[in-house]
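Novice: Residue numbers (the numbering used here): 30 to 100.
To start, I am sharing the structure in question, which I have written as structure tokens.
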């Protein structure tokens with residue numbers, strides 16, 4: 030476990046869920062970007078997924094402690 034593990038997972042999973050919900054919602058009044066391909070909310074959701082993934086990718090690696098023989 031590492032600091033920010035739950036936060037990173039939340040951002041990633043919330044972003045995926047929000048993107049899919051907005052795709053199913055297909056509300057034309059929400060605005061669009063990239064020529065109508067994505068809504069603004071979907072663009073934000075992609076940012077959340079990327080941020081959560083980066084937090085997990087850059088997590089600290091566990092430190093290996095070598096045990097020494099007792100004398």
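Using N, Cα and C, we set each Cβ at its ideal position, and we do this for glycine too.
Answer with buried or exposed for residue 83, where buried requires no fewer than 16 other C-beta atoms within 10 angstroms of its C-beta.
Specialist: Here residue 83 refers to the residue found at position 54 of the chain shown. Residue 83 is exposed by the Cβ-count criterion.
Novice: Could you tell me if residue 44 is buried or exposed, where buried requires 16 or more neighbouring beta carbons within 10 angstroms of its beta carbon?
Specialist: For this step, residue 44 is matched to residue 15 along the chain shown. Answer is buried; the Cβ neighbour count reaches 16.
Novice: So is residue 87 in contact with chain C if we call contact Cβ pairs under 8 Å?
Specialist: No chain C is present in this structure, which holds just one protein chain.
Novice: Suppose contacts are defined by Cβ-Cβ distances below 8 Å. Is residue 70 in contact with residue 51 by that definition?
Specialist: Taking the first residue of the chain shown as position 1, residue 70 is located at position 41. Taking the first residue of the chain shown as position 1, residue 51 is located at position 22. Closer than 8 Å, so yes.
Novice: Would residue 88 pass as a contact of residue 31 if the rule is Cβ separation under 8 Å?
Specialist: Taking the chain shown and counting its residues from 1, one reaches residue 88 at position 59. Taking the chain shown and counting its residues from 1, one reaches residue 31 at position 2. It is a contact, given that the beta carbons lie within the stated cut-off.
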